[in-house]
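These protein sequence lines map, in sequence, to chains A and B.
Note that my numbering has the first sequence beginning at 1, numbered continuously upward.
Note that my numbering has the second sequence beginning at 1001, numbered continuously upward.
Just so you know, even glycine gets a beta-carbon here, dropped at the ideal spot from N, CA and C.
Let me begin by presenting the structure, written as structure tokens, before commenting on it.
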Amino acid sequence: MHRHMTKHPLLWSLVTAFLLLILALAAWHANLSTSLPASAIPAAYAPDVKNGKVMYDAGGCISCHRGIGPDMDKPAGGRKLKVPGDVLFPPNITPDRQTGIGAWTQIAFLNALKRGLSPDNNHYIPAFPYTSYAWMKTKDILDLFAYLKTLPPVRNRVEKKPFRLGRFALAFWKWLALPGREFRPVPGKSAQWNRGAYLVLGPGHCAECHTPRNGLMLLNRARWLAGGPHPVEKGKVPSLRNLIGRKRYKDADDIFNALKYGEALGYEDISSGGMGEVQENLSRLPNADLKAIAVYLASLK
Amino acid sequence: MKNFKPLVGMVKGKIPFDAAVVQKNAATIAANLEKARKLFPEGSEKGEKESRAKPEIWLLEDEFQDIFKTAVQRARALSQVREAKDLAPAVMALGKDGCGACHKKFRLPKK
């Protein structure tokens, strides 16, 4: 075998290159599936609960984590969530110490949203849209945590479902899907545009539905927000590109009104397939933030 | 529904307020909703390839009918509006609790 190899230098170098590549991938992967250390929290961090509420509404946490019955308006979890080919029950994220995230540390919460990793270092199922939340600023995530801590705790145990392919299989996919960095403002664009882009890309996770996926279930960045098949329902998610040129909306103010009021002001195409919940959450944002989202969307060609 | 659009136009100040138009359109909407309510016999979505009716309509029939009832009530209340200042809340209540609430839960995205 060895003699055979030395006779074929090309094959030998290919094998070496392949092994090196695997090593590099493993190192990169290890980096991404390792939790962030406590030092990732800025020493001078001071919580801003009001900003945390903005992130909560932009992030639409309640859409998936909504409780049942009297806990409808609290993120107490336990409601059915349809995902491609399966049904999940999102957990309780109220600050109850036994059944919610009351006993969590800041760094555990940061790892959940930025790395998709649980406190026991397991991979979360990406129905929890951490591949978008990972773009968020550390401070915004910590403020969101501080806000969640101000909510009334609800005792409601929700069992974790095993992931059909095994949670470890997720490691590789996550390595491909997770952004390696936070959102960076695009130079040359206005602060308002960048605010909108940030809210859409990170907390808003609009791309999870509005950007089509490729065979590996990764977002097709070449068709950013261009619409595609709905992830779980029959029918399509519409494109958010060229909304003005296609005469879907008159201008950014019109998009703002659609997101703020939805069908209350006769915008008929912003209710179904999960968009109604998104619109309801967005309507609670400060007007300046919603306007920023509208300005960003209006700019997409 | 084309009868709803002009009412929204009045709320947005694009069309001048006209109590007679409000009365007529809102009454038509209420009547149309009553008619539509009976157009959802079980399995009717299967015949029409283009239908955006969700199968949940027949699983959660009570809830579906309740939203219809609310929508009809809101449309009737809207038909009583006589003054411009009362228009916006009435139109928005119909749009949100009627049209929006139902499409959110029981309508599929476009094909």
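Task: For L1078 (chain B), the nearest candidate out of B:L1033, B:L1060, B:K1002 and B:V1022 (CA to CA) - done: Ranked by Cα distance from L1078 (chain B), the first of B:L1033, B:L1060, B:K1002 and B:V1022 is B:V1022.
Mapping DSSP to helix, strand and coil, what is D48 (chain A)?
If DSSP states are grouped into helix, strand and coil, D48 (chain A) belongs with coil.
**Asked** Can you name the residues of chain B whose CB is closer than 7 Å to the CB of P237 (chain A)?
**Response** A small fix is needed here, since residue 237 (chain A) is Val in this sequence, not Pro. Simply P1109.
Query raised in the report: What do you reckon, is the C-beta of L113 (chain A) under 7 Å from a heavy atom of ligand 1?
Result: For ligand 1, the structure offers nothing, since it holds no ligand at all.
Please confirm whether K1085 (chain B) has its beta-carbon closer than 8 Å to some beta-carbon of chain A.
Residue contact with chain A for K1085 (chain B): absent (no Cβ-Cβ distance below 8 Å to any residue of chain A).
**Request:** Could you check which residue in A:K301, A:V154, A:G276 and A:Y296 has the C-alpha nearest to that of S63 (chain A)?
**Result:** Between S63 (chain A) and the set A:K301, A:V154, A:G276 and A:Y296, the nearest pair of CA atoms involves A:G276.
Between K960 (chain B) and G235 (chain A), is the Cβ-Cβ spacing less than 8 Å? Given a span of 1001 to 1111 for chain B in the structure shown, any question on residue 960 (chain B) remains unanswerable.
| Environment of E1083 (chain B) [buried if 16+ CB atoms lie within 10 Å] | Classified as exposed, E1083 (chain B) has fewer than 16 neighbouring CB atoms from the shown chains inside 10 Å of its CB.
Exercise. Indicate whether at least one CB of chain A lies closer than 8 Å to the CB of V1022 (chain B).
Key: Judged by the 8 Å Cβ criterion, V1022 (chain B) is not in contact with chain A.
Problem set entry | Exposure of I22 (chain A), with buried meaning 16 or more beta-carbon neighbours within 10 Å | By the 10 Å Cβ count, I22 (chain A) comes out exposed.
message: Below 7 Å on C-beta distance, what does G266 (chain A) contact in chain B?
response: Counting only Cβ-Cβ distances below 7 Å, G266 (chain A) has contacts in chain B at F1004, K1005, V1008 and G1095, in chain order.
On the three-pair Cβ rule with 8 Å, is the region 178 to 191 of chain A touching the region 83 to 90 of chain A?
-> By the Cβ criterion, the region 178 to 191 of chain A is not in contact with the region 83 to 90 of chain A, since fewer than three pairs of Cβ atoms, one from each stretch, lie closer than 8 Å.
Expressed to the nearest angstrom, what Euclidean distance is found between the alpha-carbon atoms of G69 (chain A) and T1028 (chain B)? Roughly 35 Å separates the two Cα atoms.
*What's the C-alpha gap between Y133 (chain A) and K1105 (chain B)?*
Roughly 26 Å separates the two Cα atoms.
Any residues in the region 219 to 243 of chain A with a beta carbon nearer than 9 Å to a beta carbon of chain B? Which ones, in chain order? In summary, the residues of the region 219 to 243 of chain A whose CB is separated from some CB of chain B by less than 9 Å are H230, E233, K234, G235, K236, V237 and P238, in the order they occur in the chain.
Rounded to whole angstroms, how far is the Cβ of S299 (chain A) from the Cβ of W135 (chain A), which I believe are closer than 8 Å?
Rounded to whole angstroms, the Cβ separation of S299 (chain A) and W135 (chain A) is 18 Å, and the two are not in contact under 8 Å.
Exposed or buried, which one is G245 (chain A) when buried takes at least 16 other CB atoms within 10 Å?
With fewer than 16 Cβ atoms within 10 Å of its Cβ, G245 (chain A) is classed as exposed.
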